[in-house]
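Trainee: So that we are looking at the same thing, I have put the structure below in structure tokens.
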Amino acid sequence: MVSANKKGVAVNQKSYRKPSLWHVIAQNKTLLLMCVPAIVFFFVFSYMPMPGAYIAFTNFQYNKGIWASPFVGMQNFKFLFQSGQLGLLLRNTILYNLAFIVLGNVLQLTFAILLNEVQSKRYKKVTQSMMFLPYFISDVLVSLLVYNLLNYDYGFISNLVRALGGEMPKVYQMAGAWPIIIVLVNLWKGTGYGTVVYFAAITGMDSSMLEAAQIDGANGFQRIRYIILPTLKPTVVILFLFAIGGILKGNFGLFYNLVGNNSMLFGTTDIIETYVYRSMMNSFNFSQSSAVGLFQSVVGFFIVIGANAFVKKLDSDYALF
Amino acid sequence: MATNSVQQPANLHDRPTKVRLDKSDMIIRGITYVVITIFSVCCILPFWMIIASSFSTEEAIRRTGFTLWPTDFSTYAYELLFRSPDQMIGAYIVTILLAVIGTVVGLFIISMTGYALQRKDFPFRNGIMFYIYFTSLFSAGLVPFYLLMVQTLHLRDTYWAILLPLLMNPWLIVLMKNFVKAIPHEITESGKIDGAGDFRIFYALILPSLKPALATIGLFLALGYWNEWYYSSLFLTSEVAYRPLQYHLYNVINKVASLRNSVAGSNVVLENLPSETLKMATAVVATGPIILLYPFVQKYFVAGLTVGAVKG
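Written out as structure tokens, the structure reads:
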């Protein structure tokens with residue numbers, strides 16, 4: 586009885602008449618009920634909005650609601666393509682994400698490997714704690730930290746530059762500086778997190794290979810080059826591919842708090858999600874905002890599917906679905 | 003397994019060996035200490051700077067800018083902040099209530115779902131998991147979500163609009179599933195033999211052994227509520243009496259007007275308002291609890307990360 590239960594319906598299906606769906610539901614009603622709150626949650630907050638994507642094909646009027654607003658076909662998309670707006674947003678979003686992914690992973694991996702070479706447990710613990718801290722604070726505070734450093738009149742770095750006899754530019758009016766600033770801040774915030782993940786992967790490694798290498802006289806560089814890096818490669822490749830899957834998503838909180846409504850910087854800092862947010866909340870342009878959002882969702886969906894298929898080919902154990 | 007491995011580095015260096023350190027080991031170690039130490043200090047220095055500036059006088063900041071040490075020590079910004087503390091106290095109460103209620107309810111639903119979806123004999127587990135997971139692959143986007151919340155559910159200017167969306171997400175349910183996976187299936191079997199129902203098995207047998215998972219996921223949820231400003235900025239207009247802490251901070255930083263409102267009635271001449279130090283003091287008060295609690299809770303996050311990294 587127990588073993589039949591373990592395999593559940595599958596066994597029944599083969600040997601007997603197929604049990605009715607109601608029967609299966611009745612048999613599992615407690616487990617199903619336990620899932621109901623989550624099912625309702627995702628239904629309301631994720632599935633219910635989905636038909637509303639129709640708004641991207643309308644000229645939305647707030648008081649009429651989604652379904653009574655006039656249908657305009659692809660006009661919103663056409664405008665976004667032809668005005669070059671979508672191209673700019675795509676370029677910014679993708680370039681920022683590529684920088685985050687590549688530089689972030691290189692830095693995290695380097696730090697994890699270096700940390701592993703340290704003997705002192707206390708040092709490892711303390712530095713990991715320090716590096717991890719920025720991950721815990723809100724983007725609102727991050728924007729204040731940056732302001733503290735770069736503000737033209739009082740900023741710490743501004744004063745340092747002046748003290749050294751240099752000329753401090755007005756950073757908050759300089760669009761060209763922000764790609765560097767945003768990438769640096771992102772690295773500052775995320776490196777500790779990633780280092781902890783990679784460090785755990787290294788300490789979880791089979792130590793017998795490292796011991797053997799040491800006995801055979803491999804030095805530090807050789808150990809890293811021939812044992813640690815190859816062992817980590819699958820993890821790195823897979824994390825990388827999944828990161829690519831999310832390349833159209835942005836770190837909205839970071840960008841919006843750092844740049845906000847400072848339109849002087851939009852050329853180099855506007856990503857899809859900040860545009861979507863602003864054009865809805867500030868210019869009330871719901872139709873265009875949702876057109877950009879829908880474009881992001883649909884294209885992003887296919888990129889994730891593609892990345893997953895690629896991962897599946899490499900190592901089906903790591904595939905998400 | 004992964005949780006333990008954090009505490010027990012399997013590296014050779016941790017054991018006594020007689021193998022001689024050669025030159026490249028020394029170089030690597032030297033680089034490590036320099037690079038890691040510098041980066042670690044950079045990670046906490048800005049926090050220190052905010053604290054230092056919050057204890058400066060406004061004139062000192064106007065004169066010398068933000069420094070690493072309060073030039074003229076002063077607690078004026080804090081005095082001003084607590085002269086009319088209604089906003090801050092209200093923000094604290096709202097944030098704590100949201101965090102406590104959201105974390106408890108979220109944890110309950112997430113662990114219940116995670117357990118059911120991990121039961122091998124539950125025929126709907128793959129279907130429901132896909133249903134949940136799909137929402138992280140495709141969404142309608144911000145605008146339809148916003149209109150649902152505002153026009154259909156009428157949640158604008160209610161705290162529900164913040165409490166509800168942060169209750170759970172697919173990633174946390176997958177994380178919980180991974181934690182449940184580590185609990186031997188025999189526990190469920192023994193419960194069944196004793197005649198316990200599925201919910202009783204979950205509540206009486208599984209939940210107590212999920213404590214580390216509850217700590218980790220609970221902290222993720224609580225952190226989400228504590229740092230929340232996004233849903234507030236979407237759904238809370240000026241009609242709302244008290245804003246969650248980080249959104250309050252957001253307003254203090256970005257809108258001088260709201261800064262002035264928050265000290266209105268405290269008889270400060272607006273032109274002399276110490277806006278810079280007040281910003282910093284607000285930031286310290288709004289973020290303080292996180293920084294203070296951080297050393298104690300940090301290890302649960304590390305545990306969660308490593309479990310999550312085993313299979314995302």
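These protein sequences, in sequence, are chains A and B.
So for the first sequence, our numbering puts the first residue at 586; every next one is plus one.
So for the second sequence, our numbering puts the first residue at 3; every next one is plus one.
We treat Cβ as the ideally placed atom computed from N, Cα and C, and that holds for glycine.
For LEU99 of chain B, tell me which candidate among B:ALA283, B:ARG245, B:ASN256 has the shortest Cα-Cα distance.
Mentor: Ranking the options by Cα distance to LEU99 of chain B, first place goes to B:ARG245.
Trainee: Listed from N- to C-terminal order along the chain, which residues in the stretch 611 to 623 of chain A have their beta-carbon within a distance smaller than 8 Å of any beta-carbon of chain B?
Mentor: Taking 8 Å as the Cβ-Cβ cut-off against chain B, the residues of the stretch 611 to 623 of chain A that qualify are ASN613, THR615, LEU616, LEU617, LEU618, MET619, CYS620, PRO622, ALA623.
Trainee: Taking DSSP as the reference, what is the three-state secondary structure of SER42 of chain B?
Mentor: The answer is helix: DSSP assigns SER42 of chain B an H, G or I state.
Trainee: Alpha helix (DSSP H) containing SER882 of chain A: first to last residue?
Mentor: Start and end: 871 to 899.
Trainee: Less than 7 Å between the C-beta atoms of SER723 of chain A and ASN229 of chain B, yes or no?
Mentor: Yes; because the gap between Cβ atoms is below 7 Å, this pair is in contact.
Trainee: Is the shortest distance between the beta-carbon of ARG65 of chain B and the beta-carbons of chain A less than 7 Å?
Mentor: So, not an interface residue.
Trainee: According to DSSP, simplified to helix, strand and coil, what is PHE147 of chain B?
Mentor: Three-state DSSP puts PHE147 of chain B in a helix.
Trainee: Taking the C-alpha atoms as reference points, what is the distance between PRO297 of chain B and SER714 of chain A?
Mentor: Approximately 8 Å, taken between the alpha carbons.
Trainee: Within 10 angstroms of its Cβ, does ALA894 of chain A collect 16 or more other Cβ (buried), or is it exposed?
Mentor: Exposed, by the Cβ-count rule.
Trainee: First and last residue of the alpha helix (DSSP H) that includes GLU188 of chain B?
Mentor: Note, GLU188 of chain B: alpha helix (DSSP H), 187 to 195.
Trainee: Is PHE656 of chain A helix, strand or coil when you go by DSSP?
Mentor: Strand, per DSSP.
Trainee: In the structure shown, what three-state DSSP assignment does PHE664 of chain A receive?
Mentor: Residue state, collapsed to three classes: helix.
Trainee: Verify the CB distance criterion: does ALA904 of chain A have a CB-CB separation below 7 Å to chain B?
Mentor: Taking Cβ atoms only, chain B never reaches closer than 7 Å to ALA904 of chain A, which makes this a no.
Trainee: Using a Cβ-Cβ distance cut-off of 7 Å, determine whether ALA259 of chain B contacts chain A.
Mentor: Residue placement at ALA259 of chain B is poorly supported in this model, since its pLDDT is 46, which falls under 50; the coordinates are not used for a value here.
Trainee: Whole angstroms are fine: how far does the CA of ASN648 of chain A sit from the CA of GLY891 of chain A?
Mentor: In a straight line, the C-alpha of GLY891 of chain A is about 40 Å away from that of ASN648 of chain A.
Trainee: Give me the Cα-Cα distance between GLY593 of chain A and LEU174 of chain B, rounded to the nearest whole angstrom.
Mentor: For GLY593 of chain A, the pLDDT reaches just 47, beneath the cut-off of 50, and the residue's location in the model is therefore unreliable, leaving the point undetermined.
Trainee: Should ILE98 of chain B be flagged as near chain A, meaning a C-beta pair shorter than 7 Å?
Mentor: Not closer than 7 Å to any Cβ of chain A, the Cβ of ILE98 of chain B fails to qualify, so no.
Trainee: Can you give me the C-alpha to C-alpha distance between ARG863 of chain A and PHE837 of chain A, rounded to a whole angstrom?
Mentor: About 11 Å.
Trainee: Any idea what DSSP makes of PHE696 of chain A, helix, strand or coil?
Mentor: Helix at PHE696 of chain A.
Trainee: DSSP three-state label for SER86 of chain B, please.
Mentor: Coil at SER86 of chain B, not helix or strand.
Trainee: Flag ALA118 of chain B as yes if its beta-carbon sits less than 7 Å from any beta-carbon of chain A, otherwise no.
Mentor: So yes, ALA118 of chain B belongs to the interface.
Trainee: With DSSP run on the structure shown, which of helix, strand or coil describes THR820 of chain A?
Mentor: DSSP places THR820 of chain A in helix when its eight states are reduced to three.
Trainee: Assuming ALA828 of chain A contacts ILE686 of chain A under a Cβ cut-off of 8 Å, what Cβ separation, rounded to an integer in Å, is found between them?
Mentor: Sure, about 5 Å apart at Cβ, within 8 Å.
Trainee: What residue range does the alpha helix (DSSP H) around THR780 of chain A cover?
Mentor: Run containing THR780 of chain A: 763 to 788, per the alpha helix (DSSP H) assignment.
Trainee: What residue range does the alpha helix (DSSP H) around GLU60 of chain B cover?
Mentor: Where GLU60 of chain B is concerned, the enclosing alpha helix (DSSP H) stretches over 60 to 66.
Trainee: Closer than 8 Å by C-beta to ALA259 of chain B: which residues in its own chain qualify, once you throw out the five before and the five after it? Chain order, please.
Mentor: With a pLDDT of 46 at ALA259 of chain B, under the threshold of 50, the predicted position of this residue should be treated as unreliable, and no value is reported.
Trainee: Between GLY689 of chain A and chain B, is there a C-beta pair that is closer than 7 Å?
Mentor: Judged by the 7 Å Cβ criterion, GLY689 of chain A is not in contact with chain B.
Trainee: Output the distance between the C-alpha atoms of ILE765 of chain A and SER235 of chain B, rounded to the nearest integer angstrom.
Mentor: Roughly 27 Å between the two C-alpha positions.
Trainee: Spell out whether any CB of chain B is found under 7 Å from the CB atom of PHE642 of chain A.
Mentor: By this cut-off, PHE642 of chain A is not an interface position.
Trainee: Please determine, among A:VAL782, A:ILE787, A:ARG810, the residue with the shortest C-alpha to C-alpha distance to LEU824 of chain A.
Mentor: When only C-alpha atoms are compared, the closest one is A:VAL782.
Trainee: Just list the residues that DSSP pairs THR643 of chain A with in beta bridges.
Mentor: DSSP, once it has assigned bridges, lists A:PHE656 as partnering THR643 of chain A.
Trainee: Is ALA641 of chain A closer than 7 Å to LEU839 of chain A when the C-beta atoms are compared?
Mentor: Result no, Cβ atoms of LEU839 of chain A and ALA641 of chain A do not sit closer than 7 Å.
Trainee: Using a C-beta to C-beta distance shorter than 7 Å, which residues of chain B count as neighbours of ILE651 of chain A?
Mentor: Within chain B, the residues near ILE651 of chain A are LEU149.
Trainee: Would you call LYS774 of chain A buried or exposed, if buried means 16 or more other Cβ atoms sit within 10 Å of its Cβ?
Mentor: By the neighbour-count rule (16 or more Cβ atoms within 10 Å), LYS774 of chain A is buried.
Trainee: What residue range is occupied by the uninterrupted alpha helix (DSSP H) comprising PHE181 of chain B?
Mentor: From DSSP, the alpha helix (DSSP H) with PHE181 of chain B extends over 172 to 183.
Trainee: Could you check whether the stretch 160 to 169 of chain B touches the stretch 653 to 672 of chain A, counting it as contact only if at least three pairs of C-beta atoms, one from each stretch, sit closer than 8 Å?
Mentor: Too few Cβ pairs lie closer than 8 Å, so no.
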